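In mature numbering (1 follows the signal peptide of the UniProt record, and there is no 0), the protein residues as written are -25 to -1, 1 to 262.
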(Lines of atoms letter the chains of each structure in order from A and count residues from 1; the text may use other names and numbers.)
(Lines give C-alpha, C1' and ligand atoms only; values in the text may rest on other atoms or scores of the structure.)
Protein backbone atom coordinates (compact mmCIF):
# COMPACT_ATOMS: atom_id res chain seq x y z
CA UNK A 1 0.00 0.00 0.00
CA UNK A 2 1.22 3.48 -0.83
CA UNK A 3 1.80 5.43 2.43
CA UNK A 4 4.53 8.02 1.73
CA UNK A 5 2.29 11.09 1.84
CA UNK A 6 -1.31 12.20 1.62
CA UNK A 7 -1.01 12.86 -2.12
CA UNK A 8 0.53 9.48 -2.99
CA UNK A 9 -2.08 7.91 -0.73
CA UNK A 10 -4.85 9.60 -2.68
CA UNK A 11 -3.34 8.64 -6.02
CA UNK A 12 -3.03 5.02 -4.94
CA UNK A 13 -6.78 4.98 -4.29
CA UNK A 14 -7.67 6.76 -7.55
CA UNK A 15 -9.72 7.46 -5.17
CA UNK A 16 -12.41 4.98 -4.12
CA UNK A 17 -15.14 6.65 -2.08
CA UNK A 18 -15.79 5.13 1.33
CA UNK A 19 -19.09 3.79 2.57
CA UNK A 20 -20.38 5.69 5.59
CA UNK A 21 -22.02 2.54 6.90
CA UNK A 22 -18.84 0.52 7.36
CA UNK A 23 -15.65 2.56 7.06
CA UNK A 24 -15.58 4.27 10.48
CA UNK A 25 -15.30 3.02 14.00
CA UNK A 26 -15.48 4.55 17.46
CA UNK A 27 -11.75 5.30 17.31
CA UNK A 28 -12.42 8.39 15.23
CA UNK A 29 -14.13 10.09 18.16
CA UNK A 30 -11.74 12.52 19.79
CA UNK A 31 -10.71 13.87 16.38
CA UNK A 32 -12.19 17.37 16.40
CA UNK A 33 -13.52 18.94 13.19
CA UNK A 34 -14.61 22.57 12.92
CA UNK A 35 -17.24 23.15 10.24
CA UNK A 36 -17.76 26.55 8.64
CA UNK A 37 -18.96 27.99 5.32
CA UNK A 38 -19.85 31.16 3.43
CA UNK A 39 -23.51 30.30 2.76
CA UNK A 40 -24.59 30.88 6.35
CA UNK A 41 -25.37 28.85 9.45
CA UNK A 42 -28.68 27.56 8.04
CA UNK A 43 -27.34 26.40 4.66
CA UNK A 44 -28.26 22.87 3.61
CA UNK A 45 -24.68 22.06 2.59
CA UNK A 46 -23.43 22.76 6.10
CA UNK A 47 -26.24 20.68 7.60
CA UNK A 48 -25.29 17.79 5.29
CA UNK A 49 -21.73 17.84 6.66
CA UNK A 50 -22.99 17.90 10.25
CA UNK A 51 -25.15 14.83 9.60
CA UNK A 52 -22.37 12.95 7.80
CA UNK A 53 -19.50 13.73 10.17
CA UNK A 54 -21.02 13.95 13.66
CA UNK A 55 -21.56 10.17 14.08
CA UNK A 56 -17.82 9.58 13.55
CA UNK A 57 -15.97 12.64 14.86
CA UNK A 58 -16.25 15.42 17.44
CA UNK A 59 -17.86 18.22 15.43
CA UNK A 60 -18.17 21.93 16.21
CA UNK A 61 -19.81 24.52 13.93
CA UNK A 62 -18.86 28.18 13.58
CA UNK A 63 -20.47 29.86 10.58
CA UNK A 64 -21.62 33.31 9.51
CA UNK A 65 -25.17 34.29 10.40
CA UNK A 66 -25.98 35.04 6.75
CA UNK A 67 -24.70 34.26 3.26
CA UNK A 68 -21.44 36.01 2.34
CA UNK A 69 -20.40 34.53 -1.02
CA UNK A 70 -17.47 36.00 -2.96
CA UNK A 71 -15.81 37.60 0.09
CA UNK A 72 -12.57 35.62 -0.27
CA UNK A 73 -10.43 35.92 2.91
CA UNK A 74 -12.04 39.21 3.91
CA UNK A 75 -12.52 40.17 7.54
CA UNK A 76 -14.37 42.60 9.78
CA UNK A 77 -11.68 42.41 12.48
CA UNK A 78 -11.19 46.17 12.56
CA UNK A 79 -14.89 47.08 12.32
CA UNK A 80 -15.67 46.74 16.03
CA UNK A 81 -17.28 44.03 18.20
CA UNK A 82 -19.05 41.08 16.56
CA UNK A 83 -22.32 39.62 17.76
CA UNK A 84 -22.18 35.84 18.25
CA UNK A 85 -25.00 33.46 19.18
CA UNK A 86 -24.11 30.14 20.79
CA UNK A 87 -26.51 27.20 20.56
CA UNK A 88 -26.73 23.45 19.92
CA UNK A 89 -27.59 21.87 16.58
CA UNK A 90 -29.77 18.81 17.07
CA UNK A 91 -31.26 16.25 14.73
CA UNK A 92 -35.05 16.04 14.87
CA UNK A 93 -35.36 13.26 12.29
CA UNK A 94 -36.02 9.96 14.14
CA UNK A 95 -34.94 7.94 11.08
CA UNK A 96 -31.34 9.17 11.21
CA UNK A 97 -28.71 9.12 14.00
CA UNK A 98 -29.20 11.70 16.74
CA UNK A 99 -26.60 14.41 17.22
CA UNK A 100 -26.01 17.38 19.50
CA UNK A 101 -23.39 19.66 17.96
CA UNK A 102 -22.20 22.91 19.59
CA UNK A 103 -22.52 25.83 17.19
CA UNK A 104 -21.73 29.53 16.87
CA UNK A 105 -23.60 31.91 14.57
CA UNK A 106 -21.17 34.78 13.89
CA UNK A 107 -22.14 38.25 12.64
CA UNK A 108 -19.05 38.46 10.47
CA UNK A 109 -17.52 37.32 7.21
CA UNK A 110 -16.67 33.64 6.57
CA UNK A 111 -13.06 33.98 7.72
CA UNK A 112 -14.26 35.76 10.89
CA UNK A 113 -16.54 32.83 11.69
CA UNK A 114 -13.75 30.32 11.13
CA UNK A 115 -11.33 32.33 13.28
CA UNK A 116 -13.87 32.65 16.09
CA UNK A 117 -14.45 28.90 16.17
CA UNK A 118 -10.74 28.12 16.16
CA UNK A 119 -9.96 30.50 19.02
CA UNK A 120 -12.98 29.48 21.10
CA UNK A 121 -11.94 25.83 20.90
CA UNK A 122 -8.36 26.67 21.85
CA UNK A 123 -9.54 28.64 24.86
CA UNK A 124 -11.53 25.57 25.92
CA UNK A 125 -8.38 23.43 25.52
CA UNK A 126 -10.13 21.57 22.69
CA UNK A 127 -7.85 22.24 19.74
CA UNK A 128 -9.25 21.76 16.25
CA UNK A 129 -7.65 18.91 14.27
CA UNK A 130 -9.28 19.70 10.92
CA UNK A 131 -11.32 22.58 9.48
CA UNK A 132 -13.86 21.92 6.72
CA UNK A 133 -15.57 24.76 4.87
CA UNK A 134 -18.72 24.01 2.87
CA UNK A 135 -20.54 22.40 1.33
CA UNK A 136 -20.63 25.46 -0.91
CA UNK A 137 -23.63 25.91 -3.20
CA UNK A 138 -21.71 26.34 -6.47
CA UNK A 139 -18.30 25.19 -7.67
CA UNK A 140 -15.02 27.03 -6.97
CA UNK A 141 -12.80 26.11 -9.89
CA UNK A 142 -9.81 27.70 -11.57
CA UNK A 143 -8.74 31.22 -10.70
CA UNK A 144 -12.27 31.96 -9.45
CA UNK A 145 -11.04 30.24 -6.29
CA UNK A 146 -9.33 33.48 -5.28
CA UNK A 147 -12.75 35.12 -4.77
CA UNK A 148 -14.30 32.28 -2.80
CA UNK A 149 -15.44 32.84 0.77
CA UNK A 150 -15.54 29.05 1.17
CA UNK A 151 -11.84 28.85 0.37
CA UNK A 152 -11.12 32.03 2.35
CA UNK A 153 -12.52 30.52 5.54
CA UNK A 154 -10.56 27.31 4.91
CA UNK A 155 -7.42 29.43 4.52
CA UNK A 156 -8.10 30.83 7.99
CA UNK A 157 -7.56 27.29 9.23
CA UNK A 158 -4.26 27.12 7.35
CA UNK A 159 -3.31 30.49 8.90
CA UNK A 160 -3.59 28.86 12.32
CA UNK A 161 -1.67 25.75 11.25
CA UNK A 162 -4.77 23.56 10.94
CA UNK A 163 -5.32 21.13 8.08
CA UNK A 164 -8.27 22.34 6.01
CA UNK A 165 -10.68 21.29 3.27
CA UNK A 166 -12.92 23.55 1.17
CA UNK A 167 -15.70 21.61 -0.56
CA UNK A 168 -18.15 22.84 -3.21
CA UNK A 169 -20.79 21.26 -5.45
CA UNK A 170 -22.50 22.31 -8.67
CA UNK A 171 -25.31 24.80 -8.08
CA UNK A 172 -28.10 22.61 -9.50
CA UNK A 173 -27.13 19.72 -7.23
CA UNK A 174 -27.15 22.06 -4.24
CA UNK A 175 -30.63 23.36 -5.08
CA UNK A 176 -31.86 19.76 -5.23
CA UNK A 177 -30.09 18.89 -1.94
CA UNK A 178 -27.90 16.28 -3.63
CA UNK A 179 -25.00 16.32 -1.19
CA UNK A 180 -24.25 12.58 -0.88
CA UNK A 181 -21.32 12.49 -3.34
CA UNK A 182 -19.73 15.48 -1.60
CA UNK A 183 -20.11 14.06 1.91
CA UNK A 184 -18.68 10.70 0.75
CA UNK A 185 -15.68 12.50 -0.76
CA UNK A 186 -15.17 14.47 2.46
CA UNK A 187 -15.27 11.31 4.56
CA UNK A 188 -12.64 9.73 2.30
CA UNK A 189 -10.38 12.77 2.53
CA UNK A 190 -10.77 13.10 6.30
CA UNK A 191 -9.57 9.53 6.79
CA UNK A 192 -6.68 10.09 4.35
CA UNK A 193 -5.62 13.20 6.28
CA UNK A 194 -5.92 11.40 9.62
CA UNK A 195 -3.68 8.61 8.33
CA UNK A 196 -1.14 10.64 6.36
CA UNK A 197 -1.29 14.23 7.59
CA UNK A 198 -1.32 17.36 5.45
CA UNK A 199 1.54 19.88 5.08
CA UNK A 200 1.04 23.04 7.10
CA UNK A 201 -0.39 25.92 5.13
CA UNK A 202 -2.15 23.66 2.61
CA UNK A 203 -5.89 23.60 1.87
CA UNK A 204 -7.57 20.94 -0.26
CA UNK A 205 -10.02 22.58 -2.66
CA UNK A 206 -12.65 19.95 -3.52
CA UNK A 207 -15.19 20.38 -6.33
CA UNK A 208 -17.97 17.85 -6.89
CA UNK A 209 -19.93 17.85 -10.19
CA UNK A 210 -23.68 17.25 -10.35
CA UNK A 211 -23.47 13.80 -11.96
CA UNK A 212 -20.36 12.31 -10.40
CA UNK A 213 -18.90 9.38 -12.31
CA UNK A 214 -16.97 8.12 -9.30
CA UNK A 215 -13.44 8.59 -8.10
CA UNK A 216 -11.37 11.57 -7.00
CA UNK A 217 -8.65 13.14 -9.12
CA UNK A 218 -5.81 15.31 -7.86
CA UNK A 219 -5.52 18.23 -10.29
CA UNK A 220 -3.87 21.65 -10.59
CA UNK A 221 -5.85 24.89 -10.76
CA UNK A 222 -6.94 26.02 -14.23
CA UNK A 223 -7.27 29.61 -15.46
CA UNK A 224 -10.51 31.58 -15.77
CA UNK A 225 -13.70 29.77 -14.79
CA UNK A 226 -15.80 32.93 -14.98
CA UNK A 227 -14.92 36.08 -16.95
CA UNK A 228 -16.42 39.56 -16.90
CA UNK A 229 -16.46 40.67 -20.53
CA UNK A 230 -18.00 44.09 -19.98
CA UNK A 231 -20.93 45.95 -18.43
CA UNK A 232 -24.38 47.00 -19.54
CA UNK A 233 -25.67 50.35 -18.33
CA UNK A 234 -29.25 51.19 -17.38
CA UNK A 235 -30.48 53.98 -15.11
CA UNK A 236 -26.87 54.92 -14.29
CA UNK A 237 -26.23 51.42 -12.97
CA UNK A 238 -23.78 48.92 -14.44
CA UNK A 239 -24.45 45.17 -14.67
CA UNK A 240 -21.58 42.77 -15.46
CA UNK A 241 -21.69 40.57 -18.55
CA UNK A 242 -20.39 37.09 -17.72
CA UNK A 243 -18.95 34.31 -19.87
CA UNK A 244 -17.92 30.84 -18.77
CA UNK A 245 -14.83 29.55 -20.59
CA UNK A 246 -14.14 25.85 -20.96
CA UNK A 247 -11.06 24.28 -19.38
CA UNK A 248 -7.75 25.62 -20.70
CA UNK A 249 -5.33 23.06 -19.30
CA UNK A 250 -5.35 19.27 -19.67
CA UNK A 251 -5.78 17.43 -16.36
CA UNK A 252 -6.73 20.67 -14.55
CA UNK A 253 -9.45 20.98 -11.93
CA UNK A 254 -11.85 22.27 -14.58
CA UNK A 255 -11.04 19.41 -16.98
CA UNK A 256 -11.54 16.79 -14.28
CA UNK A 257 -14.78 18.43 -13.18
CA UNK A 258 -16.13 18.65 -16.74
CA UNK A 259 -15.40 14.92 -17.13
CA UNK A 260 -17.66 14.22 -14.17
CA UNK A 261 -15.00 13.40 -11.59
CA UNK A 262 -14.34 15.00 -8.23
CA UNK A 263 -11.43 17.45 -8.47
CA UNK A 264 -9.09 17.96 -5.50
CA UNK A 265 -6.56 20.78 -5.78
CA UNK A 266 -3.96 21.41 -3.06
CA UNK A 267 -3.57 25.19 -2.65
CA UNK A 268 -1.42 27.06 -0.15
CA UNK A 269 -1.48 30.00 2.22
CA UNK A 270 1.99 31.19 1.17
CA UNK A 271 1.57 33.20 -2.05
CA UNK A 272 5.32 33.70 -2.55
CA UNK A 273 6.64 33.02 -6.06
CA UNK A 274 10.04 31.60 -5.11
CA UNK A 275 11.21 31.24 -8.73
CA UNK A 276 10.60 34.94 -9.35
CA UNK A 277 12.54 35.84 -6.19
CA UNK A 278 15.58 34.10 -7.67
CA UNK A 279 15.09 35.86 -10.99
CA UNK A 280 14.60 39.29 -9.38
CA UNK A 281 17.76 38.86 -7.32
CA UNK A 282 19.63 39.31 -10.63
CA UNK A 283 18.12 42.77 -11.23
CA UNK A 284 20.71 44.67 -9.14
CA UNK A 285 18.02 46.80 -7.53
CA UNK A 286 20.32 47.88 -4.68
CA UNK A 287 22.82 49.72 -6.87
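A virtual CB, placed ideally from N, CA and C, is assigned to each residue, including glycine.
The structure displayed is predicted, hence computed values, not measured ones.
Collapsed DSSP secondary structure at residue 5 in the structure displayed: In the three-state reduction of the DSSP assignment, residue 5 falls in the coil class.
Cut-off 6 Å between Cβ atoms - residues of its own chain near residue 263, not counting five sequence neighbours on either side: This structure cannot settle anything about residue 263, because the visible part of the chain is limited to -25 through 262.
Residue 37, buried or exposed, once every other Cβ within 10 Å from all chains shown has been counted against 16: With 16 or more other Cβ atoms inside 10 Å of its own Cβ, residue 37 counts as buried.
Sequence-distant residues of the same chain with beta carbon closer than 7 Å to residue 218, five excluded per side: If we look at residue 218 and ignore the five residues flanking it on each side, its Cβ neighbours are 202, 204.
DSSP state of residue 240 mapped onto helix, strand, coil: Residue state for residue 240 is assigned as strand, using DSSP reduced to three classes.
Option in 80, 130, 224 with minimal Cα separation from residue 40: The candidate whose alpha carbon is nearest that of residue 40 is 80.
Residue 61, buried or exposed, once every other Cβ within 10 Å from all chains shown has been counted against 16: Label assigned to residue 61: exposed.
Rounded separation between residue 193 and residue 132 - CA only: Rounded to the nearest angstrom, the two C-alpha atoms are 21 Å apart.
Backbone secondary structure at residue 50 - three-state DSSP: Looking at residue 50 - three-state DSSP - the assignment turns out to be coil, as it is neither helix nor strand.
Three-way DSSP call (helix, strand, coil) for residue 249 in this model: Looking at residue 249 - three-state DSSP - the assignment turns out to be helix.
Meets three-Cβ-pair contact criterion under 8 Å: the region 85 to 92 and the region 146 to 154: Touching, no, given that fewer than three Cβ pairs across the two stretches are closer than 8 Å.
Residues that residue 10 bridges to, as DSSP identifies them: DSSP output for residue 10 lists 36, 107 as bridge partner(s).
Given residue 241 as reference, the closest of 181, 190, 66 once Cα atoms are compared: When each option's Cα is compared against that of residue 241, the closest is 181.
C-alpha gap between residue 164 and residue 118, whole angstroms: Straight across, the Cα-Cα distance linking residue 164 with residue 118 is about 23 Å.
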